[in-house]
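The listed protein sequences correspond, in order, to chains A and P.
Going left to right, the first sequence walks through residues 624 to 749 as the working numbering numbers them.
Going left to right, the second sequence walks through residues 8 to 197 as the working numbering numbers them.
Quick reminder that beta carbons are idealized off the backbone N, C-alpha and C, glycines included.
Since we're looking at a predicted model, the values are computed, not measured.
In what follows, a single structure is set out as structure tokens and then discussed.
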Amino acid sequence: MAPHTPASQKILIVEDERPLAHALELKLKREGFDVTVCLTGPEGMKEALTGQYALILLDIIMPEVDGFSLLQEMVKKKVKTPVLVLSNLGLDEDKQKAKGLGVIDYFVKANTPIASIVKRVKAALE
Amino acid sequence: MPLNDADLGKILVEQSYVSEEELKQALEQAQQRSVTLKVVLAEMGLLTEDLYESALAEYYKLPFADLQQVQPTPEVVSLLPEEIARAYSCVVIKQDENGVMVATSDPSNAKLEEGVRWNLGQTAVIFPDQPGGAELAAKQKRQKFMGRIQFLYAPRGAIESFFVHYRKPLATRFQAIITKQRKVAPDIIT
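Okay, here's the thing in structure tokens:
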């Protein structure tokens with residue numbers, strides 16, 4: 624089996640804040656990952672359910688389909704892709720709800736430098 | 008001290024917040040319209056205030072201050088005079104036997120550390136670049152703070168939220184007005 628180099632690892636970003644999605648995309652590409660960005664919940668849902676990603680970075684508050692709905696659908700369809708949540712929601716109950724749906728980590732955007740997110744992605748995929 | 012467009016562009020490309028091509032386009036627009044690079048990048052949907060601050064923190068290699076975890080008391084905040092805190096966009100968030108932790112949103116200011124060292128624990132302010140500042144400090148026999156200062160990065164909004172600790176109680180402020188004006192009632196009553 625070929626070793627998992629970043630280039631062979633596909634990351635999906637589901638985030639409706641375009642500037643943040645763009646910066647994450649550039650940074651992760653610089654690290655050698657193959658990155659796909661979805662700026663809406665429905666697009667993100669479609670991609671996430673393919674199960675072809677090594678990791679998903681997921682926003683929670685999005686119009687049409689929010690992050691929790693996407694996570695619930697992943698559980699229902701038994702898609703086991705690891706998910707890191709990026710959210711403006713900092714309440715413990717939101718974190719617990721996300722953890723209950725299997726996310727591996729939960730970042731509150733206002734308290735998290737973007738470099739820490741990239742570091743966490745790399746650690747999760749090592 | 009705000010960064011100029013060239014410096015900001017360099018930081019954003021180096022830290023992979025924008026591509027070289029995007030920067031080139033944005034710089035051209037900024038020049039044509041006589042607006043700042045920051046404004047154009049925001050309009051292009053490539054930069055927010057949070058991302059701008061995140062890029063600066065990375066560039067200056069400062070850790071982020073977790074101001075939800077470290078909540079400074081009014082006494083700790085007041086270790087720096089308000090004028091210095093506002094001028095350098097900084098706030099003391101912790102003090103221990105070894106020194107202090109200072110959060111700033113303006114790490115590019117070359118006078119920041121000097122300003123903090125001269126004014127920590129003081130009430131009268133001396134700016135490092137103030138004419139006659141050194142003489143004034145000598146006259147006051149002021150000792151520069153020589154302990155450890157750990158600088159951390161925090162967004163401007165978070166720094167400014169601690170300035171509320173400089174607000175004196177209403178009675179004190181009212182007394183200051185009376186002392187200054189020597190009267191409280193408007194002329195029509197007196």
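Going by beta-carbon coordinates alone, are Val77/P and Ile100/P separated by less than 8 Å? As a first step, residue 77/P is located in the second sequence; it is residue number 70 there, counting from the start. As a first step, residue 100/P is located in the second sequence; it is residue number 93 there, counting from the start. Contact: yes.
With distances taken between CB atoms, is the gap from Gln22/P to Tyr66/P smaller than 8 Å? As a first step, residue 22/P is located in the second sequence; it is residue number 15 there, counting from the start. As a first step, residue 66/P is located in the second sequence; it is residue number 59 there, counting from the start. Going by C-beta atoms, Gln22/P is nearer than 8 Å to Tyr66/P.
Measure how close the beta-carbons of Tyr173/P and Ser112/P come, nearest whole angstrom, since I'm counting them as under 8 Å. Counting from one through the second sequence, the residue named residue 173/P turns up at place 166. Counting from one through the second sequence, the residue named residue 112/P turns up at place 105. About 17 Å separates the two Cβ atoms, so there is no contact after all.
Own chain residues within Cβ distance below 8 Å of Leu693/A, not counting five before or after: Stepping through the first sequence from its first residue, residue 693/A is reached at position 70. Closer than 8 Å at Cβ, skipping near neighbours: Val637, Gly664, Gly667, Met668, Ala671, Leu681.
Please list, in chain order, all residues of the same chain as Asp657/A whose beta carbon is under 6 Å from its beta carbon, the five residues on each side excluded. As a position in the first sequence, residue 657/A is number 34, starting the count at 1. Cβ within range, chain order: Lys633.
Arg641/A versus Glu50/P, Ala33/P, Asn11/P, residue with shortest Cα-Cα distance: By 1-based counting over the first sequence, the position of residue 641/A is 18. Minimum Cα distance to Arg641/A is reached at Glu50/P.
Is there contact here, the stretch 33-47 of chain P with the stretch 135-154 of chain P, by at least three beta-carbon pairs under 8 Å? no
Since Glu65/P meets chain A, which of its residues come closer than 8 Å, beta carbon to beta carbon? The count along the second sequence starts at 1 and reaches residue 65/P at position 58. Result: Pro736, Ile737, Ala738.
Compute the beta-carbon to beta-carbon distance between Ile166/P and Ala110/P, rounded to the nearest angstrom, for a pair I have assumed lies under 8 Å. On the second sequence, position 159 is the one that residue 166/P refers to. On the second sequence, position 103 is the one that residue 110/P refers to. Yes, they are in contact, since the Cβ atoms of Ile166/P and Ala110/P sit about 6 Å apart, within 8 Å.
Among Ala144/P, Lys17/P, Asn105/P, Val25/P, whose alpha-carbon lies nearest the alpha-carbon of Glu121/P? Taking the first residue of the second sequence as position 1, residue 121/P is located at position 114. Per the Cα distances, Ala144/P.
Compare the C-beta of Arg743/A with all C-beta atoms of chain P and state if any pair is closer than 8 Å. Along the first sequence, one-based indexing puts residue 743/A at 120. Output row for Arg743/A: interface = no.
Contact criterion: CB-CB distance below 8 Å. Does Pro642/A meet it with respect to chain P? As a working note, residue 642/A is residue 19 in the first sequence. So yes, Pro642/A belongs to the interface.
The stretch 28-45 of chain P: which residues have C-beta closer than 8 Å to a C-beta of chain A, in chain order? none
So, with DSSP's three-state summary, where would you put Ile133/P? Residue mapping note: residue 133/P aligns to position 126 of the second sequence, counting from 1. If DSSP states are grouped into helix, strand and coil, Ile133/P belongs with coil.
Would you list the residues sitting across from Arg155/P in a DSSP beta bridge? Taking the second sequence and counting its residues from 1, the one referred to as residue 155/P is at position 148. Gly106/P.
Where Asp717/A falls, given that 16 or more other Cβ within 10 Å makes a residue buried: Within the first sequence, the letter at position 94 stands for residue 717/A. The residue is buried, with at least 16 neighbouring Cβ atoms inside 10 Å.
Which residue marks the beginning of the beta strand (DSSP E) containing Asp728/A, and which one marks its end? Residue numbering aside, residue 728/A sits at position 105 when the first sequence is read from its first letter. Taken as a continuous stretch (DSSP letters only), the beta strand (DSSP E) holding Asp728/A covers 728-731.
Burial state of Asp14/P, where buried means 16 or more other Cβ atoms lie within 10 Å: The residue given as residue 14/P occupies position 7 in the second sequence. Burial call: exposed.
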